[in-house]
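Below, the structure written as structure tokens:
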């Protein structure tokens, strides 16, 4: 979940900047070509707009997670005991008056495989055993112990092969359940103590089996008792809190369901798909309810469709005004040798789904430029037009209106067809967005991916806020080459 939020930071509220940029270009051009103290455009036609945008589909985020196997295998190697011994080793266990023995089993490094949550460990091992017999009468030894052994001194230890398996299940309450058992324990070498003609092999195999079964039970109990409550509560708070995105507002994820696919191990890499169904929103409001819902139950539904995010953004006009002023206030430009300074930019709703922008100028030329109209999105052409755009220019240093200006500029850029090519804007920003998909998140943790589709699918001006809807399609994977530092 943290990684998806970082990616969404790179998505800019396109409608804010494109409309703002259009206004400033028009303002500079109009200022250089008007003479009277006040110029008003002709009345425009009325544009019919819906009262609300359609609801967005849920967003689906499915990210393959790849984790290098070697560091985890090194941890697993420390969990599985290196040796199993008889109780009280190196002293003997006396199972009866006339018999006693002791053994030690040492395992080798193991090989791991994992397919669809079933983990299998194959390992070799060596054992040594010593035993003794005596004569007993009335339950007491009456003769010296006659002893024999296998695998002591110069004699090589006997070989065994062992296979363990564990079925892993992630429960809806985010706990882990494992069922671990011994699949195979095969003695490759026998131990026959010729001094009293006794085959100790099966006895030692049974003892090793008992020790390993005890370890398997302890491992299952330990994993089942792990408590992720604190971590999950922290995750829930981050998922529902509004995450600040610098000057661009706040993001809330609104998760609906969380899923995880089966764990597999191939080419020295653990692989698992992690998925999230959510309804993310961008907003300029930072306040959020103090009641944080719990995370939805974990499911095991498997998807492999990458990222398909429908993102709704709701920006109130004071926020948009501040955003533009932070970027433009105090900036100056030169028109025909005259310096014009941007003093203030105000954006507000005008009713009937119209937006009004007011730009106050200072410097060599002073005045006010007002522009208003209804922004209309063409989702197929990926363009924004303002068919009913109108403007007023009010200043104290206007020059004579050039007749050709109305023919070539006003009629082209204002009357009935102010145009912003969103497709070109998005295409120009694609390299920057792709760069954000390929970055280092932390030591040994990085991402690889690219944006495959990015478009605006909704735009509506309200009286108090400007609403936009974006669709983002991407491929993304998270790769870990080692343990977090």
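Numbering (the numbering used here), first residue to last: 22 to 506. Idealized CB from N, CA, C, for every residue including glycine.
Contact the stretch 187-194 vs the stretch 116-126: 3+ CB pairs below 8 Å: No, because fewer than three Cβ pairs between the stretch 187-194 and the stretch 116-126 fall closer than 8 Å, the two stretches do not touch.
Nearest-angstrom Cα separation, counted from residue 379 out to residue 494: Cα to Cα, residue 494 sits roughly 36 Å from residue 379.
Three-state secondary structure (DSSP) of residue 289: DSSP places residue 289 in coil when its eight states are reduced to three.
Nearest-angstrom Cβ-Cβ length linking residue 410 and residue 392, presumed shorter than 8 Å: Indeed, because the Cβ distance is near 7 Å, the residues count as touching under 8 Å.
Contact belief for residue 324 with residue 294 at Cβ below 8 Å, rounded distance in angstroms: Sure, about 7 Å apart at Cβ, within 8 Å.
Touching by the beta-carbon criterion (3+ pairs, under 8 Å), the stretch 276-295 and the stretch 67-76: Short answer: they don't touch.
Cβ distance (whole Å) where residue 77 is taken to contact residue 333 below 8 Å: Rounded to the nearest angstrom, the Cβ distance from residue 77 to residue 333 is 6 Å, consistent with a contact under 8 Å.
Runs of beta strand (DSSP E) lying entirely within the stretch 452-477, each at least 3 residues, in chain order: Taking only runs of at least 3 residues, the beta strand (DSSP E) segments lying wholly in the stretch 452-477 are 461-463.
Nearest neighbour of residue 444, chosen from 330, 476, 171 [CA to CA]: Comparing Cα positions, the closest option is 476.
Cβ contact check for the stretch 146-153 and the stretch 171-180: 3 or more pairs under 8 Å: Per the Cβ contact rule, the stretch 146-153 is in contact with the stretch 171-180 (3 or more Cβ pairs under 8 Å).
Residues bridged to residue 136 (per DSSP): The partner list for residue 136 (beta bridge, DSSP) reads 139.
Buried versus exposed call for residue 345 [16 or more other C-beta atoms within 10 Å across all chains shown]: Flag for residue 345 reads buried.
Residue 134 versus residue 91: straight-line alpha-carbon distance, rounded: Rounded to whole angstroms, the gap between the alpha carbons of residue 134 and residue 91 is 12 Å.
Same chain, Cβ closer than 8 Å to residue 156, five either side skipped, listed in chain order: For residue 156, where only same-chain residues beyond five positions count, the Cβ hits under 8 Å are 119, 162, 163, 164.
Start and end residues, beta strand (DSSP E) containing residue 188: Looking at the DSSP string, the run of the beta strand (DSSP E) that includes residue 188 is 179-191.
Closer than 9 Å to chain C by CB, residue 278: Looking for chain C here will not work: only one protein chain is present.
CA nearest to the CA of residue 73, picked from 488, 501, 497: Taking only the C-alpha atoms, the option nearest residue 73 is 488.
Per-residue burial, residue 297 [other beta carbons within 10 Å of its own, 16 or more giving buried]: Taking a 10 Å sphere around the C-beta of residue 297, we find 16 or more other C-beta atoms and assign the residue as buried.
Sequence-distant residues of its chain with Cβ nearer than 7 Å to residue 94 (five each side left out): Only 133 meet the Cβ criterion.
Burial state of residue 213 (16 or more Cβ within 10 Å): Residue 213 should be labelled exposed.
Same chain only: Cβ atoms within 8 Å of residue 197, ignoring 5 sequence neighbours per side: Excluding positions up to five away in sequence, the list reads 189, 190, 191, 244, 245, 247.
Span separating the alpha-carbon of residue 302 from that of residue 339: Residue 302 and residue 339: Cα-Cα distance of roughly 19 Å.
Collapsed DSSP secondary structure at residue 324 in the structure displayed: The DSSP-derived three-state label of residue 324 is coil.
Pick from 369, 101, 84 that is closest to residue 234, judged by C-alpha positions: Ranking the options by Cα distance to residue 234, first place goes to 101.
Nearest-angstrom Cα separation, counted from residue 478 out to residue 398: So the alpha carbons of these two residues sit roughly 8 Å apart.
Terminal residues of the alpha helix (DSSP H) in which residue 520 lies: In the structure displayed, the chain extends from 22 to 506; residue 520 sits before or after that span and is not available.
Range covered by the alpha helix (DSSP H) that runs through residue 118: Counting along the chain, residue 118 falls outside any alpha helix (DSSP H), and DSSP gives it neither H nor E.
Among 154, 80, 353, 472, nearest to residue 116 - alpha-carbon criterion: Of 154, 80, 353, 472, the residue nearest in Cα terms is 154.
Selection from 396, 347, 402, 389 that minimises the alpha carbon distance to residue 415: The shortest Cα separation from residue 415 among 396, 347, 402, 389 belongs to 389.
Own chain residues within Cβ distance below 8 Å of residue 3, not counting five before or after: Any question about residue 3 goes unanswered here, given that the chain covers just 22 to 506.
Simplified DSSP state of residue 238, which is helix, strand or coil: Reduced to three states, the DSSP call for residue 238 is helix.
Residue 346, DSSP secondary structure in three states: Helix, per DSSP.
Residue 280, DSSP secondary structure in three states: Collapsing the DSSP output to three states places residue 280 in a strand.
Residue 90, enclosing alpha helix (DSSP H) - first and last residue: Its alpha helix (DSSP H) spans residues 90-100.
Counterpart residues of residue 397 in DSSP-defined beta bridges: BP columns for residue 397 point to 406.
Inter-residue Cα distance where the pair is residue 335 and residue 75: Taking the straight line joining both Cα atoms gives about 14 Å.
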